[in-house]
Amino acid sequence: MSDPRGAAVASDSDASDRNGESDPSADDATGRESDATGRESDADATESVDAAAAESAGAPTDRESRREIETDRWLGIAGAALALVGLGVLVRQSSLVLAGAVGVGYAVYARAGDAPTPTLAVTRSVSDETPAPGDEVRVTVRAENVGEGALPDLRLVDGVPPGLAVVDGPARVGTALRPGTAVTFEYIVRAARGDHEWEAMTAITRDAAGARERTTAFDAPTAIACTPELSAGGDLPLRGLTTVHHGRVPTDVGGAGVEFHATREYRRGDPLKRIDWNRRARTGELSTVELREERAATVVLLVDARESAYAAADPDAETAVEASVSAAGQAFSALLDGGDRVGIAALSPLDCWLPPGSGTVHAARGRETLATDPALAPTPSDERFYRSLWLRRFRRRIPADAQVLFFTPLVDDTAASLARRIDAHGHLVTVLSPDPTTTETAGQRLTTFERRQRLRALRSAGIRALEWGDDSFPVAVAAATRRWSR
Amino acid sequence: MRPLAVAGVLAVAVGLLAALDRGVASAISPTSTVVTLIGVLGVVQGIRYANARRERRRVPADPGDPERRAPAAVPGAALDERIARAASPAPGGYRDRRDLRDRIREVSITAVARDRNCSREAAAAAVDDGTWTDDGAAAAFFDTRTAYPLRVRLSAGVRGRSNYWYGLRAVIDEIERIESRGDA
Amino acid sequence: MSDAVRDGERGASGESRDDAGADSHEIDARPPTVAIAASLAAAGVAATAASVASPTGGALLGVAALGFLGGSLRGSARVLTWGAAVGVVGLALAGYRGAPPEALLVAAVGLAVAWDIADHGVGLGEQVGRGARARRNVAVHAGSGLLVGALAAGLVYGVTLAVGGGQPVAALALLLAGGIALISALR
Chain A
1 MSDPRGAAVA
11 SDSDASDRNG
21 ESDPSADDAT
31 GRESDATGRE
41 SDADATESVD
51 AAAAESAGAP
61 TDRESRREIE
71 TDRWLGIAGA
81 ALALVGLGVL
91 VRQSSLVLAG
101 AVGVGYAVYA
111 RAGDAPTPTL
121 AVTRSVSDET
131 PAPGDEVRVT
141 VRAENVGEGA
151 LPDLRLVDGV
161 PPGLAVVDGP
171 ARVGTALRPG
181 TAVTFEYIVR
191 AARGDHEWEA
201 MTAITRDAAG
211 ARERTTAFDA
221 PTAIACTPEL
231 SAGGDLPLRG
241 LTTVHHGRVP
251 TDVGGAGVEF
261 HATREYRRGD
271 PLKRIDWNRR
281 ARTGELSTVE
291 LREERAATVV
301 LLVDARESAY
311 AAADPDAETA
321 VEASVSAAGQ
331 AFSALLDGGD
341 RVGIAALSPL
351 DCWLPPGSGT
361 VHAARGRETL
371 ATDPALAPTP
381 SDERFYRSLW
391 LRRFRRRIPA
401 DAQVLFFTPL
411 VDDTAASLAR
421 RIDAHGHLVT
431 VLSPDPTTTE
441 TAGQRLTTFE
451 RRQRLRALRS
461 AGIRALEWGD
471 DSFPVAVAAA
481 TRRWSR
Chain B
1001 MRPLAVAGVL
1011 AVAVGLLAAL
1021 DRGVASAISP
1031 TSTVVTLIGV
1041 LGVVQGIRYA
1051 NARRERRRVP
1061 ADPGDPERRA
1071 PAAVPGAALD
1081 ERIARAASPA
1091 PGGYRDRRDL
1101 RDRIREVSIT
1111 AVARDRNCSR
1121 EAAAAAVDDG
1131 TWTDDGAAAA
1141 FFDTRTAYPL
1151 RVRLSAGVRG
1161 RSNYWYGLRA
1171 VIDEIERIES
1181 RGDA
Chain C
2001 MSDAVRDGER
2011 GASGESRDDA
2021 GADSHEIDAR
2031 PPTVAIAASL
2041 AAAGVAATAA
2051 SVASPTGGAL
2061 LGVAALGFLG
2071 GSLRGSARVL
2081 TWGAAVGVVG
2091 LALAGYRGAP
2101 PEALLVAAVG
2111 LAVAWDIADH
2121 GVGLGEQVGR
2131 GARARRNVAV
2141 HAGSGLLVGA
2151 LAAGLVYGVT
2161 LAVGGGQPVA
2171 ALALLLAGGI
2181 ALISALR
């Protein structure tokens, strides 16, 4: 029992602690050995008596009983004891009878206790509540035994949000707590896009003999919100995606266009800033630059976030929803920078709709929507998706002249047929598909063929579709726009 | 049950008395045979009780794996399960086989129609009568009148797999060939 | 117990637990090192005490210690049970060969504590894992297990001394018969 911090613990005369000390000194030696081999044993968890009670609010955290069982750990000990005593009587050796009696002692020990119901005050703090994606966030959990009874065997497993991965240290600790003592443990999660709420912490208690076990859940709400910056979308050649049919209609009227159209002879009344001063300097002629004036396009970014879209080639890889959301973020800022009006919608059981708009306020709202809207959460919703309901609502909302950039992994027919339906409703649909497929097993290969055929079918139905896998989204867009402009 | 317990308590009580008082002990002094018998009974019963541990089904709480991010679904994983069910050599699973065959047939028809630049009907006919492929196992997968090649049936028998499984693998390989031909 | 040995065992245990899911690379589900070491220490004490009277009995308890090590490294409670069973046979043998009560009591308590810590460690490994801190937990558990054994051994040894040789066979036979009857009745 060498607790580096707890002088109070060391000098404590609690029965359980004395037990610890009466353990053979081998325990201490091995403890040190584990320090050398085990990485974070001491750094990540400390137990201490809160003499000062600085933050021990003492209010027990809400708990919910989950399960109580007999572990049957000691099953058979009474039989072994009986056999030894019997043998002792049989061969007239009293020492065997004594050894058997020790077994009886353990059998009684196994029956004596009951798994305590823990009363804990759980507090959880995070080093950063609004981290950037990829940041490491240190989580500190403190659990104090505010109940009356001692907890001789307490195991805590924290409810890390399903969308976050722990990168250092398990989010667990095993300890023993007398009333008034607390355990603190730390671990580090890597932040990922989205709102992440901690789930209830699981506490498993056993009696001293370990014969009974009780599972209790403690609900200590904690959340972090991770909102990625919208990348400057300048390098994304989306212009090619949106200029063709709808939206930016080239006009002959002078205005705030950007694309060079032609030069012509100066006419009276042409604005001064449109005069080609270079040519004037070179040749002395006055001429006017004709710019192609464009009307802003209205674009809705539609992200497939149904359960099937939470797919990836590897269970630990980023899902297609993440790839879609990230690509939609790039498209969002690129289109806004290009002067278009952009909205966001999700193909999801949960409602998500940001009407098309422009301006910096809208940009902030778009960023917020893509990052933390529940419909685009990092893990799928449990609700059921009703396709026709969704389509009816989407049609009601979408402006008549809006085009749709549809981000979907295309892993089922629903996405493809929705793309067709929206297209048939008069909106220009472009399907942008992150590729989550892999080709190791028969089923995976078949799924890959089906997806490829879906893409081809869309293209032959006149819907533009591009996919990206290992190469980045901007590269894929550049390649596709070159193809389409040919 | 009850009388046994009472007898047990009595025996323990008298035993304790005998242990403490020499007089009681000599009064009840059992014969050597009886002592041996009791000893044997103790050993046998003890081993029997200890043996109960074999039937123990301990299921301690499983706190799961909260440290890991919720795993993404790998496209085709559910399909692999269906394939495993349909392709198991065990009887039954007829519906599974038929549904799966229909689904794979669609993929094959689409691939053939694109490869040969023909109508879906023509492609379907080619798939159904086995002329879409040179692979005997792939042909037999859709055409119930054609038997699987002897080679396939032999290795299916030896490896304990079904013909269906071999046919399915052959079909997927064939689709792969057709698809890659189209891309080239 | 070198690192190399432990790593070698880990490979084997990783394979044997494949059906537990692909997450074994995330959480190290082996028992805490301190539990394995404490268990081995207790088993070593038991083996030494038993070999005083019977080298064969001591050897069997040594086998039990190996079983505890193997069961711990594989995370298998079943292997631990077999180890304990071999240990009980070793105790029986040592007693049969006339081991003094003191030595046999130490061996019995040592065996019980060794198995208890090893089994506790396996459960702890499954629920908390080796990476988490669990030393205090193991120490408290080992301590209370040892205390119970010491109390039981002290009690029976004291009673034996108090009764003092005499003619305990009749009393013992009655006690045993009563015990069998009671256990049968209460099961």
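Chains as they are written, first to last, in the numbering used here: chain A, 1 to 486; chain B, 1001 to 1184; chain C, 2001 to 2187. The beta-carbon is built from N, C-alpha and C at its ideal position, and this holds for glycine as well.
- With a cutoff of 8 angstroms on beta-carbon distance, Leu120(A) and Ala203(A) are scored as near each other.
- At a cut-off of 8 angstroms, the C-beta of Thr379(A) has no neighbouring C-beta in chain C.
- Met201(A) is not a Cβ neighbour of Asp153(A), given a cutoff of 8 angstroms.
- Proximity to Ile1047(B) across Ile69(A), Glu70(A) and Gly79(A) peaks at Gly79(A), based on C-alpha coordinates.
- Arg1053(B) is not a Cβ neighbour of Leu82(A), given a cutoff of 8 angstroms.
- Here DSSP, grouped into helix, strand and coil, assigns His196(A) to strand.
- When DSSP assignments are scanned along the segment 109-163 of chain A, the uninterrupted stretches of beta strand (DSSP E) that are 3 or more residues long and fall wholly within it turn out to be 120-126, 136-145 and 151-159.
- Taking 8 angstroms as the threshold, the shortest C-beta distance from Ala2047(C) to chain A does not fall below it.
- Ala363(A) is positioned such that its CB atom lies closer than 8 angstroms to that of Leu336(A).
- The beta carbon of Thr1033(B) does not come within 8 angstroms of any beta carbon belonging to chain A, so the residue lies off that interface.
- Flagged as an interface residue toward chain A: Pro2101(C), by a C-beta distance shorter than 8 angstroms.
- Listed by position along chain A, the residues whose Cβ is nearer than 9 angstroms to that of Leu1150(B) form an empty set, because the closest Cβ is around 23 angstroms away.
- Against Leu82(A), the close residues of chain C are Leu2176, Gly2179, Ile2180 and Ile2183, in the order they occur along the chain (beta-carbon pairs closer than 9 angstroms).
- Residues of chain B with a Cβ closer than 8 angstroms to the Cβ of Val2163(C) are, in chain order, Ala1019 and Leu1020.
- Nearest Cα to Gly2125(C) within the set Ala2185(C), Gly2071(C), Ala2181(C) and Ser2144(C): Gly2071(C).
- Annotated as distal: Arg2136(C) and Thr216(A), with beta-carbon spacing of 8 angstroms or more.
- With 16 or more other Cβ atoms from the protein chains shown falling within 10 Å of its own Cβ, Val404(A) counts as buried.
- At least one C-beta of chain A is nearer than 8 angstroms to the C-beta of Arg1169(B).
- The residues Ala416, in chain order, have a CB closer than 8 angstroms to that of Ala457(A) in the same chain once the five nearest residues on each side in sequence are set aside.
- When secondary structure is reduced to three states using DSSP, Leu350(A) falls in the coil class, being assigned neither helix nor strand.
- Listed in chain order, the non-local C-beta contacts of Ala2103(C) below 8 angstroms within the same chain comprise Ala2049, Ala2050, Val2052, Ala2053 and Ala2094, local neighbours out to five positions each way being set aside.
- At a cut-off of 8 angstroms between beta carbons, Gly2057(C) makes no contact with chain B.
- Assignment of beta strand (DSSP E) within the segment 360-405 of chain A, counting only whole runs of 3 or more residues, yields no such run.
- Residue environment analysis places Thr430(A) among the buried positions, since at least 16 neighbouring C-beta atoms fall within 10 angstroms of its C-beta.
- Residues of the segment 170-192 of chain A with a C-beta less than 8 angstroms from any C-beta of chain C: Pro170, Arg172, Val173, Gly174, Thr175, Ala176 and Phe185, listed in chain order.
- In the DSSP assignment, Arg63(A) is bridged to Phe218(A).
- Around Tyr1148(B), the same chain offers Gly1136, Ala1137, Ala1140, Ala1156, Asn1163, Tyr1166 and Gly1167 as residues with beta carbons nearer than 8 angstroms, after the five sequence neighbours per side are excluded.
- Three or more Cβ pairs drawn from the segment 84-103 of chain A and the segment 1024-1042 of chain B lie within less than 8 angstroms of each other, which places the two stretches in contact.
- Straight-line measurement puts the Cα of Arg193(A) at about 7 angstroms from the Cα of Thr372(A).
- Annotation: Leu1041(B) to Ser2184(C) spans about 12 angstroms, alpha carbon to alpha carbon.
- Taking C-beta separations shorter than 6 angstroms and ignoring five residues to either side along the sequence, the partners of Glu68(A) in its chain run Arg214, following chain order.
- Counting only runs of at least 4 residues, the segment 1074-1146 of chain B fully encloses the following alpha helix (DSSP H) elements, listed from N- to C-terminal order: 1077-1087, 1094-1116, 1120-1129 and 1136-1142.
- The segment 107-115 of chain A makes no contact with the segment 2114-2122 of chain C: fewer than 3 CB pairs, one atom from each, lie closer than 8 angstroms.
- Where Trp2115(C) is concerned, the enclosing alpha helix (DSSP H) starts and stops at Pro2101 to Gln2127.
- Interface residue (Cβ-Cβ distance to chain B less than 8 angstroms): Ile2027(C) is classified as such.
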